[in-house]
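Just so we're aligned: 19 in full-length UniProt numbering is position 19 of the sequence shown, and the numbers increase by one with no gaps anywhere.
Here is the structure we will look at.
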Amino acid sequence: MAEKRKSVYNPEAQKRWNEKNKARRSYISKRGTARSFIRKDATDEDLAELKELIALREACYPQKLDNDNSPMEE
(Lines of atoms letter the chains of each structure in order from A and count residues from 1; the text may use other names and numbers.)
(Lines give C-alpha, C1' and ligand atoms only; values in the text may rest on other atoms or scores of the structure.)
Protein backbone atom coordinates (compact mmCIF):
# COMPACT_ATOMS: atom_id res chain seq x y z
CA MET A 1 0.00 0.00 0.00
CA ALA A 2 1.28 3.47 -0.84
CA GLU A 3 2.40 5.70 1.99
CA LYS A 4 0.41 8.83 2.73
CA ARG A 5 2.01 12.06 1.64
CA LYS A 6 2.93 14.33 4.50
CA SER A 7 2.22 18.01 4.20
CA VAL A 8 5.24 20.25 4.34
CA TYR A 9 5.00 23.80 5.64
CA ASN A 10 5.86 26.20 2.87
CA PRO A 11 6.17 29.75 4.22
CA GLU A 12 6.35 31.29 0.74
CA ALA A 13 3.11 29.62 -0.32
CA GLN A 14 1.49 30.70 2.94
CA LYS A 15 2.61 34.28 2.35
CA ARG A 16 1.22 34.25 -1.21
CA TRP A 17 -2.13 32.87 0.01
CA ASN A 18 -2.29 35.48 2.78
CA GLU A 19 -1.63 38.31 0.31
CA LYS A 20 -4.26 37.06 -2.13
CA ASN A 21 -6.89 36.42 0.56
CA LYS A 22 -6.72 39.40 2.92
CA ALA A 23 -10.50 39.78 3.14
CA ARG A 24 -10.98 36.06 3.86
CA ARG A 25 -8.29 36.11 6.56
CA SER A 26 -9.89 39.14 8.17
CA TYR A 27 -13.32 37.48 8.12
CA ILE A 28 -11.98 34.25 9.66
CA SER A 29 -10.10 36.17 12.36
CA LYS A 30 -13.11 38.29 13.32
CA ARG A 31 -15.40 35.26 13.34
CA GLY A 32 -13.03 33.39 15.65
CA THR A 33 -12.74 36.36 17.98
CA ALA A 34 -16.53 36.68 18.19
CA ARG A 35 -17.01 32.97 18.87
CA SER A 36 -14.31 32.95 21.52
CA PHE A 37 -15.85 35.96 23.27
CA ILE A 38 -19.28 34.32 23.28
CA ARG A 39 -17.96 31.01 24.61
CA LYS A 40 -15.56 32.34 27.23
CA ASP A 41 -16.32 35.90 28.34
CA ALA A 42 -19.86 37.01 27.44
CA THR A 43 -22.21 37.88 30.29
CA ASP A 44 -25.97 37.36 30.16
CA GLU A 45 -26.32 41.04 29.24
CA ASP A 46 -23.81 40.63 26.42
CA LEU A 47 -25.65 37.60 25.08
CA ALA A 48 -28.99 39.42 25.17
CA GLU A 49 -27.50 42.36 23.28
CA LEU A 50 -25.90 40.04 20.71
CA LYS A 51 -29.21 38.23 20.17
CA GLU A 52 -30.88 41.58 19.52
CA LEU A 53 -28.14 42.66 17.10
CA ILE A 54 -28.38 39.34 15.25
CA ALA A 55 -32.16 39.67 14.92
CA LEU A 56 -31.75 43.20 13.52
CA ARG A 57 -29.07 42.02 11.11
CA GLU A 58 -31.24 39.14 9.87
CA ALA A 59 -34.21 41.47 9.38
CA CYS A 60 -32.19 44.04 7.43
CA TYR A 61 -30.20 41.57 5.37
CA PRO A 62 -32.47 38.61 4.63
CA GLN A 63 -30.73 37.42 1.47
CA LYS A 64 -28.75 34.20 1.63
CA LEU A 65 -25.00 34.42 2.10
CA ASP A 66 -22.35 32.04 0.87
CA ASN A 67 -19.47 30.76 2.98
CA ASP A 68 -17.38 33.92 2.76
CA ASN A 69 -20.30 36.10 3.90
CA SER A 70 -20.93 37.64 0.48
CA PRO A 71 -24.35 37.46 -1.22
CA MET A 72 -24.86 34.35 -3.30
CA GLU A 73 -25.67 34.67 -6.98
CA GLU A 74 -29.00 33.14 -7.82
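Built from N, CA and C at the ideal position, the CB exists for glycine as well.
Looking at the backbone, the Cα of S7 and that of I54 are separated by about 39 Å. Annotated three-state conformation of K15 is helix, per DSSP.
Under the three-state reduction of DSSP output, T43 falls in the coil class, being neither helix nor strand.
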